[in-house]
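Residues 7 to 420 in our numbering are what the sequence shown lists, from first letter to last. Every residue gets a Cβ at the ideal spot worked out from N, C-alpha and C, and that includes glycine. If you're wondering where the values come from, they're calculated on a predicted model, not measured in any experiment.
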Amino acid sequence: GAWGAGSGTLFGQGGSGGLEPLFRSLRALENGSIQGPVAIVQLGDSHTAGDYFSGRLRERFQERFGAAGRGMMGPGVPFNFFEPTLVEVSQTDGWDLESSFTSNPTGVFALTGYRITADEPDAIATLVTTESAGFDFVQIEAVRRPGGGTLVVDVDGDEVYRLDTDGPTMQAARLDLPLDRPGRRLSVHPAGDGPVTLISWLTQRDRPGIVLDSHGIVGASINIIGHWDAGTVQWELASRNPALVILAFGTNEGFQDDLEAAEYRQDFTARLAQIEAAAPNAAILVVGPPDADRLPQACRQGVDEPLQLSCRPLDAQETANYASLFGASAEGDACRWHPPPNLAVVRAIQREVALSRGHYFWDWSQVMGGACGLHAWATDNPPLAHSDVVHMRPAGYARSADALFNALMAAYGG
Numbered sequence: 007g008a009w010g011a012g013s014g015t016l017f018g019q020g021g022s023g024g025l026e027p028l029f030r031s032l033r034a035l036e037n038g039s040i041q042g043p044v045a046i047v048q049l050g051d052s053h054t055a056g057d058y059f060s061g062r063l064r065e066r067f068q069e070r071f072g073a074a075g076r077g078m079m080g081p082g083v084p085f086n087f088f089e090p091t092l093v094e095v096s097q098t099d100g101w102d103l104e105s106s107f108t109s110n111p112t113g114v115f116a117l118t119g120y121r122i123t124a125d126e127p128d129a130i131a132t133l134v135t136t137e138s139a140g141f142d143f144v145q146i147e148a149v150r151r152p153g154g155g156t157l158v159v160d161v162d163g164d165e166v167y168r169l170d171t172d173g174p175t176m177q178a179a180r181l182d183l184p185l186d187r188p189g190r191r192l193s194v195h196p197a198g199d200g201p202v203t204l205i206s207w208l209t210q211r212d213r214p215g216i217v218l219d220s221h222g223i224v225g226a227s228i229n230i231i232g233h234w235d236a237g238t239v240q241w242e243l244a245s246r247n248p249a250l251v252i253l254a255f256g257t258n259e260g261f262q263d264d265l266e267a268a269e270y271r272q273d274f275t276a277r278l279a280q281i282e283a284a285a286p287n288a289a290i291l292v293v294g295p296p297d298a299d300r301l302p303q304a305c306r307q308g309v310d311e312p313l314q315l316s317c318r319p320l321d322a323q324e325t326a327n328y329a330s331l332f333g334a335s336a337e338g339d340a341c342r343w344h345p346p347p348n349l350a351v352v353r354a355i356q357r358e359v360a361l362s363r364g365h366y367f368w369d370w371s372q373v374m375g376g377a378c379g380l381h382a383w384a385t386d387n388p389p390l391a392h393s394d395v396v397h398m399r400p401a402g403y404a405r406s407a408d409a410l411f412n413a414l415m416a417a418y419g420g
């Protein structure tokens, strides 16, 4: 059942027993019985892609339990406005980007959801750490295939490895590269003898502490996991051996007015089971979608400040007649902000499936006060959410991550 604490700001459900694999690793970090990094892997949509929520969560975990670097990331610059914390990434022209978000992706995609390909030596992708401690371990994941070229790996301007990606079949190949001394700048480029495809790169420090890998794809639902190569995902998670996997989906599903609840329950269960099987040693935390609000398109005509219109949740009759009341001819009382009808449905299904499988569920929407809470955040001064009333500003994501971290620490007992 639900539990709370004196502050009244803990929105976790499910026995904290589901978090025991995480807590075991945290105790080992605190009592000095673990040698290397403890990994947390977060998968999600745009709320994860921005790295404000995950960035603050990473910061809180690393402050308390030690910092072991940035972890695994999509290679290069996987989308515009990509601003990951702790590192600066860049790539020159000449890289071809592919996303698993397309309707029927082919080839190898895995946890990062992206891959980049180049064949000319002047195509360079670079990662510079902003941490003073640098990194002493690098991992590069590439696609091996017939005719694949050589990838040149440089650290701080010195060539440290040449990875041959030619192979009889198409599959992921991983280079694990311990460094003799800490590096600050990782860059990769093709040697020029054939195309090279990267699916991830990783920098961390081989010491006790937390690394939090966050992989988000704008527009994604839980079914994005089905667009990835299951064998490669299993291989990556086995290698990463995370203490915690965070699944943070639901916003995009909640905005689908034709969503079939029974089908979504099946999909969510199947994807959750896939992660359970691939990460048997991990605690799994399901983060339900935050509040998000919609204003009918018809109501925006001639309105200078749409945000000034009020927000009120749908009642049962409005939900039943949603398409006719809130569609192209919306007027009068329908001209208001409201959570889309399926957002609560998605949240309830995620909660039910997570709890029935022994996992911890955290209701993000409670941080902003439930339905219409994000509209309140968007109209706050200063605002905590953007005017689309779906995405938060950095301060809103930081407040959210603090609430989650505090809930986890209350369950941890400290």
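What residues are listed by DSSP as bridge partners for residue i?
| i | result |
| --- | --- |
| W343 | C317 |
| I223 | Answer is none; I223 lacks a bridge partner. |
| F67 | Note: F67 sits in no beta bridge, so no partner. |
| H195 | V158 |
| T123 | D102 and T203 |
| I46 | L218 and L250 |
| D182 | Q145 |
| M78 | L208 |
| A377 | According to DSSP, which records beta bridges pairwise, A377 is partnered with nothing at all. |
Measure the CB-CB distance between residue i and residue j and report whether it falls below 8 Å.
| i | j | result |
| --- | --- | --- |
| S220 | D57 | yes |
| A254 | V224 | no |
| V396 | A298 | yes |
| T135 | R190 | yes |
| H195 | P111 | no |
| F141 | G75 | yes |
| T123 | V95 | no |
| P27 | A289 | yes |
| M374 | W383 | yes |
| F107 | I230 | yes |
| G113 | G154 | no |
| H392 | C317 | no |
| V351 | A267 | yes |
| D263 | P389 | no |
| R70 | L218 | no |
Classify residue i: buried if its beta carbon has 16 or more other beta carbons within 10 angstroms, exposed otherwise.
| i | result |
| --- | --- |
| L414 | buried |
| P295 | buried |
| G12 | Model confidence at G12 stands at a pLDDT of 30, short of 50, so the residue's coordinates are unreliable and nothing is read from them. |
| F115 | buried |
| E147 | buried |
| D235 | buried |
| P345 | buried |
| G379 | buried |
| R306 | exposed |
| R342 | buried |
Just the Cα atoms here: how many angstroms apart are residue i and residue j?
| i | j | result |
| --- | --- | --- |
| E269 | A249 | 30 Å |
| G256 | D186 | 43 Å |
| P188 | V93 | 15 Å |
| G10 | T209 | Reliability of the predicted coordinates at G10 is poor, the pLDDT of 32 falling under 50, and the value obtained from them is presented with this limitation in mind. Those two C-alpha atoms are separated by around 37 Å. |
| D51 | T118 | 12 Å |
| L243 | R213 | 20 Å |
| A139 | I216 | 14 Å |
| G7 | V47 | At G7 the pLDDT is 30, less than 50, meaning the model places this residue with poor confidence and gives no usable figure here. |
| P152 | T171 | 8 Å |
| R62 | A404 | 6 Å |
| F143 | V161 | 11 Å |
| S406 | M79 | 22 Å |
| I130 | N86 | 17 Å |
| Q323 | S60 | 38 Å |
| N287 | S245 | 12 Å |
| Q303 | L265 | 20 Å |
| E311 | G402 | 21 Å |
| G100 | A197 | 13 Å |
Among the candidates the options, whose CA atom is the shortest distance from the CA of residue i?
| i | options | result |
| --- | --- | --- |
| Y120 | P27, V83 and E89 | V83 |
| Q97 | P81, D310 and Q240 | P81 |
| Q5 | L410, E358, P388 and W343 | Nothing can be reported for residue 5: it is not among the residues displayed for the chain, which extend from 7 to 420. |
| V202 | D128, Q280 and N37 | D128 |
| Q145 | M398, R180 and E165 | R180 |
| A354 | M176, A401, F274 and G24 | F274 |
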